[in-house]
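Visitor: Residue numbers (this note's numbering), protein chains in the order written: chain A, 53 to 304; chain B, 53 to 304; chain C, 53 to 304; chain D, 53 to 304. Where a beta carbon is used, it is the ideal one built from N, C-alpha and C, also for glycine.
Protein chains: 4
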Amino acid sequence: MGHIGYRAASPEALDRRVAAIEASDFKTHGWVDGDQGHGKAFRFEDPFGHLFEIYYDTKWYKAEGDDRPALKNTASAFTGVPPRRLDHLNLLAEDVTEFKRFMETCLGSRVTEYIQLDNGRIGGCWFTINNKTYDLACTEEHGGGMGRLHHVTYATDQREDILRAADIFLQNGVHIETGPHKHAIQGTFFLYVWEPAGNRVELANAGARLIMAPDWEPICWTEADRKKGQAWGLKTIETFHTHGTPPVNKGG
Amino acid sequence: MGHIGYRAASPEALDRRVAAIEASDFKTHGWVDGDQGHGKAFRFEDPFGHLFEIYYDTKWYKAEGDDRPALKNTASAFTGVPPRRLDHLNLLAEDVTEFKRFMETCLGSRVTEYIQLDNGRIGGCWFTINNKTYDLACTEEHGGGMGRLHHVTYATDQREDILRAADIFLQNGVHIETGPHKHAIQGTFFLYVWEPAGNRVELANAGARLIMAPDWEPICWTEADRKKGQAWGLKTIETFHTHGTPPVNKGG
Amino acid sequence: MGHIGYRAASPEALDRRVAAIEASDFKTHGWVDGDQGHGKAFRFEDPFGHLFEIYYDTKWYKAEGDDRPALKNTASAFTGVPPRRLDHLNLLAEDVTEFKRFMETCLGSRVTEYIQLDNGRIGGCWFTINNKTYDLACTEEHGGGMGRLHHVTYATDQREDILRAADIFLQNGVHIETGPHKHAIQGTFFLYVWEPAGNRVELANAGARLIMAPDWEPICWTEADRKKGQAWGLKTIETFHTHGTPPVNKGG
Amino acid sequence: MGHIGYRAASPEALDRRVAAIEASDFKTHGWVDGDQGHGKAFRFEDPFGHLFEIYYDTKWYKAEGDDRPALKNTASAFTGVPPRRLDHLNLLAEDVTEFKRFMETCLGSRVTEYIQLDNGRIGGCWFTINNKTYDLACTEEHGGGMGRLHHVTYATDQREDILRAADIFLQNGVHIETGPHKHAIQGTFFLYVWEPAGNRVELANAGARLIMAPDWEPICWTEADRKKGQAWGLKTIETFHTHGTPPVNKGG
Chain A
53 MGHIGYRAAS PEALDRRVAA IEASDFKTHG WVDGDQGHGK AFRFEDPFGH
103 LFEIYYDTKW YKAEGDDRPA LKNTASAFTG VPPRRLDHLN LLAEDVTEFK
153 RFMETCLGSR VTEYIQLDNG RIGGCWFTIN NKTYDLACTE EHGGGMGRLH
203 HVTYATDQRE DILRAADIFL QNGVHIETGP HKHAIQGTFF LYVWEPAGNR
253 VELANAGARL IMAPDWEPIC WTEADRKKGQ AWGLKTIETF HTHGTPPVNK
303 GG
Chain B
53 MGHIGYRAAS PEALDRRVAA IEASDFKTHG WVDGDQGHGK AFRFEDPFGH
103 LFEIYYDTKW YKAEGDDRPA LKNTASAFTG VPPRRLDHLN LLAEDVTEFK
153 RFMETCLGSR VTEYIQLDNG RIGGCWFTIN NKTYDLACTE EHGGGMGRLH
203 HVTYATDQRE DILRAADIFL QNGVHIETGP HKHAIQGTFF LYVWEPAGNR
253 VELANAGARL IMAPDWEPIC WTEADRKKGQ AWGLKTIETF HTHGTPPVNK
303 GG
Chain C
53 MGHIGYRAAS PEALDRRVAA IEASDFKTHG WVDGDQGHGK AFRFEDPFGH
103 LFEIYYDTKW YKAEGDDRPA LKNTASAFTG VPPRRLDHLN LLAEDVTEFK
153 RFMETCLGSR VTEYIQLDNG RIGGCWFTIN NKTYDLACTE EHGGGMGRLH
203 HVTYATDQRE DILRAADIFL QNGVHIETGP HKHAIQGTFF LYVWEPAGNR
253 VELANAGARL IMAPDWEPIC WTEADRKKGQ AWGLKTIETF HTHGTPPVNK
303 GG
Chain D
53 MGHIGYRAAS PEALDRRVAA IEASDFKTHG WVDGDQGHGK AFRFEDPFGH
103 LFEIYYDTKW YKAEGDDRPA LKNTASAFTG VPPRRLDHLN LLAEDVTEFK
153 RFMETCLGSR VTEYIQLDNG RIGGCWFTIN NKTYDLACTE EHGGGMGRLH
203 HVTYATDQRE DILRAADIFL QNGVHIETGP HKHAIQGTFF LYVWEPAGNR
253 VELANAGARL IMAPDWEPIC WTEADRKKGQ AWGLKTIETF HTHGTPPVNK
303 GG
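(1) Any Cβ of chain D within less than 7 Å of the Cβ of GLU14/B?
(2) Just to confirm, is the Cβ distance from GLY195/D to THR288/D under 7 Å?
(3) Give me the subset of the stretch 103-131 of chain A whose CB atoms are less than 9 Å from a CB atom of chain B, sorted by chain position.
(4) Is it buried or exposed for ALA71/A, if we count other Cβ within 10 angstroms and need 16 for buried?
(5) Give the DSSP-derived three-state secondary structure of GLY117/C in the structure shown.
(6) Can the beta-carbon of ARG137/D be found closer than 7 Å to that of ALA218/D?
(7) With burial defined as no fewer than 16 other Cβ atoms inside 10 Å of the residue's Cβ, what is the status of GLY231/C: buried or exposed?
(8) List the endpoints of the continuous alpha helix (DSSP H) containing ARG252/D.
(9) Take GLU150/D and list the residues in its own chain whose beta-carbon comes closer than 7 Å to its own, dropping the five residues that flank it on each side.
(10) Should LYS114/A be labelled buried (16 or more other beta-carbon atoms within 10 Å of its own) or exposed?
(11) When we look at the beta-carbon of GLY281/A and count the other beta-carbons within 10 Å, is it buried (16 or more) or exposed?
(12) Can a CB atom of chain B be found closer than 7 Å to the CB of GLU97/D?
(13) Judging by CA-CA distance, which residue of GLY54/B, GLY175/B, VAL84/B and VAL148/B is the nearest neighbour of ALA276/B?
(14) For VAL148/C, report the span of its alpha helix (DSSP H) as first-last.
(15) Can you list the residues of chain F that LEU255/C reaches, using a CB-CB cut of under 8 Å?
(16) By a C-beta neighbour count over all protein chains shown, 10 Å radius and 16 as the cutoff for buried, is LYS234/D buried or exposed?
(17) Nearest by alpha-carbon distance to PHE130/B: which of GLU290/D, PHE154/D and GLN223/D is it?
(18) Quick check on the DSSP output: the alpha helix (DSSP H) that includes PHE221/A runs from which residue to which?
(19) Tell me which residues share the same chain as TRP284/B and place their Cβ nearer than 7 Å to its Cβ, disregarding the 5 neighbours each side in the sequence.
(20) Step through the CB atoms of chain D and report whether any lies within less than 7 Å of the CB of PRO266/C.
(21) Helix, strand or coil: how does DSSP classify GLU165/D here?
(22) Which residue from GLU229/A, ARG252/A and GLY160/A puts its Cα closest to that of THR205/A?
(23) Taking its Cβ as the centre, do 16 or more other Cβ atoms sit within 10 Å of SER62/C, making it buried, or is it exposed?
(24) Run the CB neighbour count on ASN171/B, radius 10 Å, all protein chains shown included, and call it buried at 16 or more, exposed below.
(25) Taking the DSSP output, what are the residues bridged to GLU192/A?
(26) In whole angstroms, what is the alpha-carbon distance linking GLY304/D and GLU192/D?
(27) Can you round the beta-carbon distance between GLY86/A and ASP109/A to whole angstroms, since I take them to be within the 8 Å contact cut?
(28) For chain C, find out if any of its Cβ atoms is closer than 7 Å to the Cβ of ASP209/D; answer yes or no.
(29) Check the DSSP bridge columns for HIS227/A and list the partner residues they point to.
(30) Answer with yes or no whether the minimum CB distance from TRP246/D to chain A is below 7 Å.
(31) Can you pull the chain A neighbours of GLU212/C, defined as C-beta to C-beta under 7 Å?
(32) Where does the unbroken beta strand (DSSP E) through LEU123/A begin, and where does it stop?
(33) Quick one: residues in its chain with C-beta nearer than 8 Å to the C-beta of GLU247/D, no 5 flanking neighbours on either side, listed in chain order?
(34) Return the chain-ordered list of same chain residues with a C-beta closer than 6 Å to the C-beta of LYS111/C, the five sequence neighbours on each side being excluded.
(35) Residues in the stretch 214-240 of chain B with C-beta within 9 Å of chain D's C-beta atoms, listed in sequence order?
(36) Check whether the Cβ atoms of GLY199/A and GLY101/A sit closer than 7 Å, and answer yes or no.
And the structure:
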């Protein structure tokens, strides 16, 4: 994973965020020139080696030729495999509580749901800066890696899109790790596959679920809750706890 | 329609909004005590007779007994007819441009899509104060009414929920006015029915579509665009242009 | 339309059918050599100029290379636009009662539903020789044509496939004539488009509906029933009554 | 399980079947009077203790009052939990090959798919007497029981109905055993639950898949095939191999 980019709500919001990041004890890399799709960005880093950028200037995609949509309010022709957008990332960190402090301090993120382990640690945490129920999640790193990705998720318009995608993955020899099923946490319908390089990719559909309430109380899931499996009872498979990218070099 | 309630993002945001409303030339009714589900609210009115309220204090629904959900992050048992939430209202106003000024001034709403008529007027306007593509719409009143409702909309999790609902409406003798089909404007999948008292109710599904961009450029639909009908070609039926509630008293 | 091919259940069933056809007063063309996909066939004709063939010997498609399916029980890779199979044809005939006599006599077809017009004529008739609710339909020709096709239909696995197809048709400039909606007759979910040459093509999904009963009583739809429109109220559009292929030569 | 009833295609077909059963070496119980829903029936038994009946005379359900459907071609009001029909049974037998001989001899069933174990035995077999891909399945009894049921299946119109049902089961405390997922064998989308008395009930959707070909070659699944799990990789859970009803009395 190169870096994670967040867009600020305005140039002023960008300045406020950068001031907050600089005032914190988290590592900063300073301003960098634009990248594909966006202008200048401020780069910083969480304690677990994930690089973040925050920016405001963006380049809007302009569909040309065959990619021009039939409807004016649609970004592109959009008739193939149907993910609507990038939905969220799930990162791995050895200390989720510390990662939570990073997200709240640097990005002003709110926690919507989390896992409270019996040992007192937070096992996982779901964050948002908008009306989506989460735009970034963090779960505990069990493999000794640094700066690792658990998965990246694309949102589909319908659950049926995910069922159809399962057949497409099957037909094309893409490894389906688990699903389709419904998450207990956040209630999204999901399917996890590994792309050929080994990164885990999720397709997910949240239905119409959003969090509009400014005073949403974070939902706490205990270990006892988690033992019930996913919403409809599916048990979490072993690789889900261990597989992240890049792989950890175990050699000497 | 009694009144339309908006919730502010914080007590401070509520104060800022009320100050903006009071500083405007729009009619105010002042503070009222709480109502079912919320605390004290500031009441004001658009130039077309629709009452609005804005509040912050809210009462969270607490499911008891059989209505307690199996999943902690779910508001209620939620297994019957499946609208997830109230999605938006569509009001009627003789001058949509003036109504737009009201929404921008009093609620800070942004316009995401609108209809530009050949006669220079705005035929319809879609507003939002969040990441939903709209939470309120206004279209031109053609029946001489004041303060009228065009429809109220409930969001479903899947398009299939709407198809199933169509059979339920059919079986129960509820008047299905038009649909199911896909709107060109906003791209939502829809079905319109009239409840027994005559109010138009829409079921809608937007898929995963949201507007996250702070610099979204409003989409302009011309009369030429509108003549193509809905997204898949359905023509708008006559009652959709004329039926609002309450009915207009034509008598002398 | 070239010809309509039916497959007999066995070589013996083929012989029995041919004997029945030859014993009838309908026009026969005799045996013809095989065609793409099947062996020798007996050719005959209805009174309205549609050619039929009946055969038994068939050539099974054998998927090779990239078209080989991941699952043994699947005919091909099958991951694109998803019609599962050819579902039925709808022909036009000036006298549906006479066409019904042809189908019963020559193919042993059963009627599952039909339209009884107030003038005593049959307005449309749905036939089957299997557990599908119909494999061929015939409706009244109003345009003075002979041997015309009203539409050919492909079955999809889910209704969602049809909604998705609607977006694909829209994006590719294919004329969507009407739908999606649910037929009152036979209850199938449908969408009608015209392919570039003008032939009407339907995508349809019947859900799990089949007719297993050997003593099924045909359902009669009166003109009063038909005036209610399709199942959820959609009115039949004008071209549906007039457009067939090939076009009728009106010139002198 | 009381008994399994099959309906013959005609009174004559019933006579032919009964003659075939009587000419066989399978156990017969002779004619019995009608039961709920059907008239006189011939009763016989497979070598594993399952009772079968075959009959022709049937009583059609006539919907009255609130159960009268809005559409003439629909059996009832049909707007709740939406199974369209009883789809199939899955029985358990110690010797599936012998059970297959029973089904072919007594009911004229055809095999559409089967499991060929490495030890030479047939592990499971899917039968049909119509255009459905199967109306009865038999898998190997591993628990020492006699005359046991593995599951009974109801067909839904859409896959979405099964996903929605999963939430309803969850909410109502019904044990979800496995799924939703797609079977490799027969390709149906499925969900298995246990009703309170312990009988396994499946909801299934086959899409538009039917077997129309009279010369369908049975699909053979090897143990190596089965080790890949279900179509999208789900592993079969342990209870699926062991749980049948009634429970086996292990006591002395």
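Guide: Judging by the given coordinates:
(1) Past the boundaries of the shown model lies residue 14/B; chain B is included only from 53 to 304, so the question cannot be answered.
(2) no
(3) TYR108, THR110, TRP112, ALA122, LEU123, LYS124, ASN125 and THR126
(4) exposed
(5) helix
(6) no
(7) buried
(8) It is not in any alpha helix (DSSP H) - ARG252/D instead sits in the beta strand (DSSP E) that spans 252-257.
(9) Only PRO99 meet the Cβ criterion.
(10) When all chains shown are included, LYS114/A counts as exposed.
(11) With fewer than 16 other Cβ atoms within 10 Å, it is exposed.
(12) For GLU97/D, the answer is no, since every Cβ of chain B falls outside 7 Å of its Cβ.
(13) GLY175/B
(14) 148-159
(15) Among the chains of the structure shown, chain F does not appear; the protein chains present are A, B, C and D.
(16) buried
(17) Comparing Cα positions, the closest option is GLN223/D.
(18) 211-223
(19) HIS233 and LYS234
(20) Between PRO266/C and chain D, the shortest Cβ-Cβ separation is below 7 Å.
(21) strand
(22) ARG252/A
(23) Exposed is the call here.
(24) exposed
(25) ALA145/A
(26) A caution first: GLY304/D carries a pLDDT of 48, below 50, which makes its placement in the model unreliable, though a value can still be read off. In this structure, the straight-line span from the alpha carbon of GLY304/D to that of GLU192/D is close to 24 Å.
(27) 7 Å
(28) yes
(29) TRP246/A
(30) No, no contact with chain A.
(31) For GLU212/C, the chain A residues whose C-beta falls within less than 7 Å of its own C-beta are GLN210 and GLU212, listed in chain order.
(32) No beta strand (DSSP E) holds LEU123/A; DSSP gives it neither H nor E.
(33) VAL226 and VAL253
(34) GLY89
(35) LEU215, ARG216, ASP219, ILE220, LEU222, GLN223, ASN224 and GLY225
(36) yes
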